[in-house]
Every structure is written in structure tokens, then in C-alpha cells.
Amino acid sequence: MTTAALPRQFTTETVSDGLLVPILSAMVTAGELDGRAGFEDAMVRAIEGCADEPADGWHAFYVNSLAELDSGVAPFTPIHRRALSLLRGHRVLEVGSCFGLFALHCARTGLDVHACDVCPGAVERLDEAARRLTLPVSSRVADACALPYPDGSMDTVTLIHLLEHLEPAAAATAVDEAVRVAARRVVIAVPFEEAPSEHFGHVQALTEDDLIGWALPWIRRGVRASVFVDHGGWLVLDRVGG
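Residue 79 in the UniProt record's numbering sits at position 79 of the sequence shown, and the numbers go up by one each step.
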């Protein structure tokens with residue numbers, strides 16, 4: 001694991017996802033950080049080192065990152081806004097929630113929000129963030145390929161920048177699981193890359209053909225599908241009558 005020096009000192013006023021990710025990505029490109037392990041280590045050190053207590057650093061990270069999304073300056077803002085506009089119903093599940101910024105964003109709109117991620121540490125951080133921000137998010141550790149939720153138990157299930165982290169067979173299984181759990185709609189977003197960004201943990205570069213490939217088995221079963229491009233690719237699957 002790398003101990004490369006960060007290019008600047010972050011504070012509780014400046015630490016955020018929108019600021020950290022471009023800086024650390026540039027360091028990976030320059031060879032100053034060693035791939036995914038170096039990227040993740042540097043990000044944690046920046047967040048936890050900006051305050052006297054690591055927990056306060058994480059709280060500042062969440063507060064600032066959500067503020068960036070609200071103001072529109074965060075690189076991920078267009079994706080969050082598009083995803084929010086596509087939600088249907090009241091009960092939402094975010095699969096592969098990572099830091100949980102989208103889940104927290106949804107909770108602030110009054111939705112009944114559930115989130116899951118395969119990483120226990122990410123779920124713990126989301127739980128703590130939701131507690132300190134007094135936002136109701138129900139989160140748990142879970143594999144996208146075997147979701148521990150009953151059939152049709154959520155109105156909308158989202159997979160936002162998740163499937164590029166999975167091998168092709170696992171990605172297809174994750175889509176199937178999302179459709180099983182969703183009573184009304186599945187919303188999928190993926191980045192379009194020439195090559196997978198290893199420091200983000202991406203294992204495949206996806207195209208519109210992949211989105212269509214995930215949709216076809218469900219179209220044959222009567223599910224409506226829409227594929228479009230907006231800051232990457234999107235696939236929306238709707239149950240008839242949902």
C-alpha cells in the first residue's frame with residue numbers, strides 16, 4: 001500500500017468527493033499512486049487526516065460532498081440528477097451504494113431509502129453518515145448477485161456505476177436480481193470508457209451494446225426497456241403495469 005504524499009492538505013471545509021477524486025485520479029495517471037490500493041489508501045488518509053478525529057473527517061466529507069451535489073459543481077451531479085428524475089414510487093433500493101451519497105440524496109427528498117454494498121466498511125460509513133445527518137437510510141451488507149430482499153419489495157432499484165465493477169456474467173446476474181426485487185422500475189447507469197479505470201475498481205469497459213444485451217432477456221418477458229446516453233449510458237427497465 002502506498003504512502004505517497006498528497007499534493008495538498010485538506011481541511012474540514014475543503015474535503016469532498018468532487019475535489020478528491022480528480023486529484024487522486026491524476027496522481028494515479030502520473031504514477032504517484034499505485035492503482036486501486038494506492039487510490040483508496042490516499043482517499044482515506046485525506047478524509048481522516050483533515051480533522052482531529054477520523055469520524056469528524058468523514059462527517060465533513062459527507063456534508064461537503066452533498067453540498068457540491070446540491071450546487072451542481074460536483075462532477076457526478078448530472079448523474080445524480082438524472083437518476084433522481086427516473087425514480088418511480090416511494091421505496092428505493094440503491095445496490096452498490098459505496099459511500100452512499102446517492103442514497104443520502106434520495107433520503108433528503110423524503111423517499112423510503114434502502115442501500116446495500118458488498119463492502120462492510122462502506123456500509124458502516126453510510127450508517128454513521130445517515131445517523132449524524134439525521135437521514136433515514138436502511139443499509140446492509142449484500143452481494144448484488146444475491147440480493148437479500150423479497151421479490152417486488154422495492155418500487156425502484158438502482159445500479160448506478162456498479163456493473164463496470166463486475167465481470168460480465170456477474171453483471172448480468174446483478175441485473176436479473178434487480179429486476180426480481182423491483183416492483184416497478186430498474187435504473188442502471190454505467191460510464192463509457194475506452195479501458196476500465198483500474199483505480200476505481202472497474203473490470204470491464206461497457207458500451208450501448210452491453211446495455212442492450214442486459215435488456216433483451218427481459219424484453220422477451222414483457223419488460224419495457226429504454227437505452228440512452230447522458231454522461232455515460234443508461235438502461236431503464238419497467239415492469240408492465242408497474
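Just so you know, even glycine gets a beta-carbon here, dropped at the ideal spot from N, CA and C. All figures in this text were calculated on a predicted structure; none of them were measured in a lab.
Quiz item: Thinking C-alpha only, which one of 149, 25, 30 is nearest residue 94?
Solution: Position 94 of the sequence shown holds residue 94. Considering only alpha carbons, the answer is 149.
Practice problem: Have a look at residue 230 and residue 167 and give me their C-alpha separation to the nearest angstrom. | Solution: The residue given as residue 230 occupies position 230 in the sequence shown. The residue given as residue 167 occupies position 167 in the sequence shown. Their Cα atoms are separated by approximately 23 Å.
Exercise. Would you mind listing the beta strand (DSSP E) stretches within the segment 139-202 that are 3+ residues and don't spill past its ends, in chain order?
Key: 154-160, 182-190
Practice problem: Measure the C-alpha to C-alpha separation of residue 80 and residue 100 and round it to an integer number of angstroms. | Solution: Along the sequence shown, read from residue 1 onward, the residue named residue 80 stands at position 80. Along the sequence shown, read from residue 1 onward, the residue named residue 100 stands at position 100. Cα to Cα, residue 80 sits roughly 12 Å from residue 100.
Self-check item: Segment contact, 8 Å Cβ cut-off, at least three pairs: the segment 123-130 with the segment 152-165
Solution: no
Quiz item: Taking buried to mean at least 16 other C-beta atoms within 10 Å of its own C-beta, is residue 29 buried or exposed?
Solution: Working through the sequence shown from its first residue, we reach residue 29 at position 29. Its Cβ having fewer than 16 others within 10 Å, residue 29 is exposed.
Quiz item: Does the distance from the C-beta atom of residue 212 to that of residue 227 stay below 7 Å?
Solution: Along the sequence shown, one-based indexing puts residue 212 at 212. Along the sequence shown, one-based indexing puts residue 227 at 227. It is a contact, given that the beta carbons lie within the stated cut-off.
Self-check item: Reduced DSSP secondary structure (H/G/I, E/B, other) of residue 114
Solution: Residue 114 sits at position 114 when you count from the first residue of the sequence shown. Of the three classes helix, strand and coil, the one that applies to residue 114 here is strand, per DSSP.
Practice problem: Tell me residue 238's beta-bridge partners as DSSP assigns them. | Solution: As a working mapping, residue 238 is identified with position 238 in the sequence shown. Paired residue(s): 185, 224.
Quiz item: Should the segment 131-144 be regarded as contacting the segment 68-75, the criterion being three or more beta carbon pairs within less than 8 Å?
Solution: no
Exercise. On the DSSP bridge assignment, give the partners of residue 211 in chain order.
Key: As a working mapping, residue 211 is identified with position 211 in the sequence shown. Its beta-bridge partners do not exist; DSSP assigns none.
Quiz item: Among the residues of its own chain, which have a CB less than 8 Å from the CB of residue 139, if the five just before and after it don't count?
Solution: On the sequence shown, residue 139 is found 139 positions in, with the first residue counted as 1. Closer than 8 Å at Cβ, skipping near neighbours: 97, 100, 103, 114, 115, 116, 117, 123, 126, 127, 130.
Quiz item: For the candidate residues 108, 193, 144, whose alpha-carbon lies nearest to that of residue 119?
Solution: Along the sequence shown, one-based indexing puts residue 119 at 119. Nearest of 108, 193, 144 to residue 119, Cα basis: 144.
Quiz item: Tell me which same chain residues have a C-beta within less than 6 Å of the C-beta of residue 141, skipping the five on either side of it?
Solution: Counted from its first residue, the sequence shown places residue 141 at position 141. So the list reads 120, 123, once near-sequence residues are dropped.
Exercise. Taking only the alpha-carbon atoms, compute the straight-line gap between residue 46 and residue 17 and give it to the nearest angstrom.
Key: For the purposes of this step, residue 46 is taken as residue 46 along the sequence shown, with counting starting at 1. For the purposes of this step, residue 17 is taken as residue 17 along the sequence shown, with counting starting at 1. When rounded, the distance between both Cα atoms is 11 Å.
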